[in-house]
Structure formats: C-alpha cells, structure tokens
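Before any comments, here is the structure.
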DNA sequence: CGATTGACGACTGTCGACAGCTTGAGCAGT
DNA sequence: ACTGCTCAAGCTGTCGACAGTCGTCAATCG
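Protein chains in written order, with my numbering: chain A, 279 to 505; chain B, 279 to 505.
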C-alpha cells in the first residue's frame, strides 16, 4: 500500500470489505503518527472523512482496540494508544517470553527446512537493511521473528505474537523516526541461526535473550529521551 | 481496599451496556454448551431472542471472536469455536509459556505480600474444591493462576493471559462436564508455592511444567476420549 | 474572585431498513 | 435415480436517524 494514497482518503475506500479498509487506514495513520498519541478519534468525523457510515468505522476501531493500537472509554469513544516507558518494557518482556519459548522448543527439534527458511529470511532482511528503506527493514525484521514463532508449530502462540506485532510495529516505527537503527541489527540475526543450528537449548535461550534485550534497550532509551 | 466493592460497583454500572450483557449471555451459553461447537449463530435470530437490535449483538460477537470463543467467516457470520485436540494442546502450551515466564521472574524476586496473597488464594481454592461446586472450583483455580501472572508485574502479559483464560475456561468446563477432576489438583498448587518460596528458578520452572503438564494431559485425554 | 449549576453542542449507544450475497429447496433435463 | 439450474428466503454488510449522555462554558451565587 503506497503511503501517498493515504492522503486521498475518500478514493482509498473503494475495494474490499469496508471494515478492513478502514482498519488498514487507521493502522497506517497511527503508525505514521498522523494521529497524536492520546488523541481522541471521533466516529462521525472519521466516517465523514472516509466517506462511509459509522458502522464500519466503529467495527474497525474495535478491531484496533483488540490489537492495542486504540483504547476506548465507555461513552467517550476511542483514543490513540499512548505508550509510556513501562508499557514499552512490558511489551518487549512479553515478546521475549514468546520468542524464548519458540527458540527453546526449536532447540530440541528444528526441521532443516525451517532453519533454511529462517536463513533465507535473514538474507532478505540484510538486503532490506542495506536498501535504506526503514519501513521495509522493520517489516522484514518482524517477518523473521514471525517465521521463528511459526516454526515452533503452535498456532495459538503465533496468533498471540501477531497481536503483539501490531504494538511492536508501532513503537519500533516511532523510535526509528528519531533514532537511526544501528546496521548491526540485521547482522545480529545470524547469531540466532547459529544457536538454532547448534541445537543447544541454553545457548538458544541466551541468544534470544541478548537479541531482544538489545532491541528493548534501543527502544526504551529512545522513548525516555524523547518524552 | 476491599476488592469486592470497587469491582462489583464498576461492573454493575457498566452492565447497563447492552454489548456487555449480550457478551455475557453468549459466553455463558457457549460455556454451558447451550450452543453446539461449530454451530452457526444468526445475528438476527439472536437479536430477536434477546430483544435487542443487531448492532450490540454484532459487537458482542466480535468481542467473543477476539477472545477465541467464536470464529467468523466473511458474509457467512459467526460460528461457535470447535476445539480439536491439536488446538487444545496449543492453548495449554501457550499457557505454559506465559506461566513459566511469570514463575521464573518471580523466582528471582517474589515480594512476600505476593506470596502471601497466592497462599490465601490456594486456601480459597482448596475450600472451593471441597464444596463440590465444580464451576466455582474452576473459577478459583483460574483466579490463582491469574494472580500468579499478575504478581510478575507485567500488565501486557496479564492481558494476554486474560485473553487466553476465556479459551481455558471453555475447554476445562467442557471436560469437567464428563470427567471428574481429581481432588489432588487443588492440593498440587502447594508445590508451586513451595517452589516460589525457595527462590530457585529451575525448581520453579520444573514445578510449573509439571503442574500445567498434568492439567494438559487431563484435558487432552478427555477430549480424545469424547470425540 | 472562586465555586457551582444549568444550558448547549457534540458524540456514542442503539435502532430499523435496504441491497447484495449465500444457501438450500425445488424443478428440469438426462 | 442423478446432476445441473433457478429462484426464493434468509442472512450479513452498510446506512441514516434518534435518544440519552458527557464535556464545555457561561451565567449565577456565596
């Protein structure tokens, strides 16, 4: 979805399920910081702007609420999620919890196809990292970690990660706006591959702990400096 | 601060909300097996039966979908979630992931008040277990594990557990309908307390692994025999 | 001058209605 | 008897409208 089309709001709503389109629009607008954190969103105004009725707007907003991008107050409406340092730390702690579980499970039995797929994704990520397109780098990074979780074979775990990924995408994007990400991030995924290949569970745990720890420090420090 | 006053008052006031009432009704109906697994639910018919319009029914159904009690297909509507053995195993695997994380974290630093609160909850659970009220026993059991997660201090982790708890409640209730739960279950929570009190991380991990493993075996075996 | 109250405006919660899609029954043809 | 088609009924997706509620701000009172 080209970022330019978001500006022409009414034209953008033309193709699929209205709810999904509105949800995509809202997601992009929040990620792109076109709504300020904590800002109140009016259903009627959004509906007017997008040229649809309130029903799909309301339903899309509930969807984003379940994804943690919006919060609602009864009879007051929806507000853009404002993340403080503590919530951010909680998000990365949960992320560590999920990925550590996947890593430890894969340490025991990681199918060679899964490892190969992860290796390919790291290559894609490194290439995206060199392209200078920050948004693409973030997506490929998330895609790698999603693949890691998916390789563990637990669909419910994957669903939980996908839920969390929306919040991750939000805070990572916000930070990247003001802080350059170090180039070493993409490369550091090789350490995860090495740990998986070794089949050593404690090493896998150590690798993912370090990896997520670095990312967490990077984001939490960025937030603390900004606000 | 008496937890009862604030909790019940707020709940009572928000209960005026039609969406929440419909959600409660649907939840109880699904848990109580008044809808068959996989059964299609018609928005119009539910609205007629409950004497409300489709809007709150639709919104409540989306809420239950996000909780994993319903699934939706575009232009086809909502269906009662039917759990197979694999999904059940996935649910308990995720539960282990979350609780293991909380236990390992608490092993390092478990405030004495938190440990005391957990101890009290185990007593409540044992008493409920002896009362013969299966529904109450399940709720007190879930309450203990919720308290365990909450003690770790990560709100995002707690939210994830709360989401999962609806699915847990569903499958545990279904199993309990046909299979008597062994009395030892309530008592076995003491092992978790002992592990926490010891402050030994590997012991904590071992304790929760065993505890969730027993519960998982109990439920998965029940499902396999039933279907 | 500060606190209180009451009216105004905006918004959410809820409702009934309509169009297009899905489904299943019934009919025609083989 | 079986397969394919038609069509009617029911359903979801979406819409516009109304009523009750909340925040705001000015007028009033201590």
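Think of the CB as a built atom: it goes at the ideal place given N, C-alpha and C, for glycine as much as any other residue.
DSSP-derived helix/strand/coil call for residue i
i              : result
residue 355(A) : strand
residue 502(A) : helix
residue 291(B) : Because the pLDDT at residue 291(B) is just 44, under 50, the model does not fix this residue reliably, and the value given afterwards should be weighed accordingly. Note: residue 291(B) maps to helix in three-state DSSP.
residue 345(A) : coil
residue 492(A) : helix
residue 312(B) : coil
residue 497(A) : helix
residue 297(B) : helix
residue 249(A) : No answer is possible for residue 249(A): the residues shown for chain A start at 279 and end at 505.
residue 330(A) : coil
residue 459(B) : coil
residue 486(A) : helix
residue 336(A) : helix
residue 279(B) : Because residue 279(B) sits at a pLDDT of 34, beneath the cut-off of 50, its placement in the model cannot be relied upon, and the following sentence gives the value as read from the coordinates. DSSP places residue 279(B) in coil when its eight states are reduced to three.
Contact list for residue i against chain B, beta-carbon separation under 9 Å
i              : result
residue 435(A) : 368, 371, 372 and 375
Residue i CB to nearest heavy atom of the ligand MG below 7 Å
i              : result
residue 452(B) : Within the structure as shown, the ligand MG is missing, as the structure has no ligands at all.
Cross-strand partners of residue i (DSSP beta bridge)
i              : result
residue 350(B) : 356(B)
residue 247(B) : Here chain B covers residues 279 to 505 and nothing more, so residue 247(B) does not appear.
Start and end residues, alpha helix (DSSP H) containing residue i
i              : result
residue 409(B) : 390–409
residue 426(B) : 412–429
residue 475(B) : 462–476
residue 440(B) : 433–456
residue 376(A) : 363–386
Listed by chain order, chain A residues near residue i by CB distance under 7 Å
i              : result
residue 379(B) : 375
residue 438(B) : 372 and 438
Partners in chain B for residue i, counting only beta-carbon separations shorter than 7 Å
i              : result
residue 321(A) : Here the premise fails: no neighbours, minimum Cβ distance about 13 Å.
Contacts of residue i in chain B (Cβ-Cβ under 8 Å)
i              : result
residue 365(A) : 433 and 434
Check: Using a Cβ cut-off of 7 Å, which residues of the region 333–356 of chain A contact any Cβ in chain B, in chain order?
Finding: 337, 340, 344 and 352
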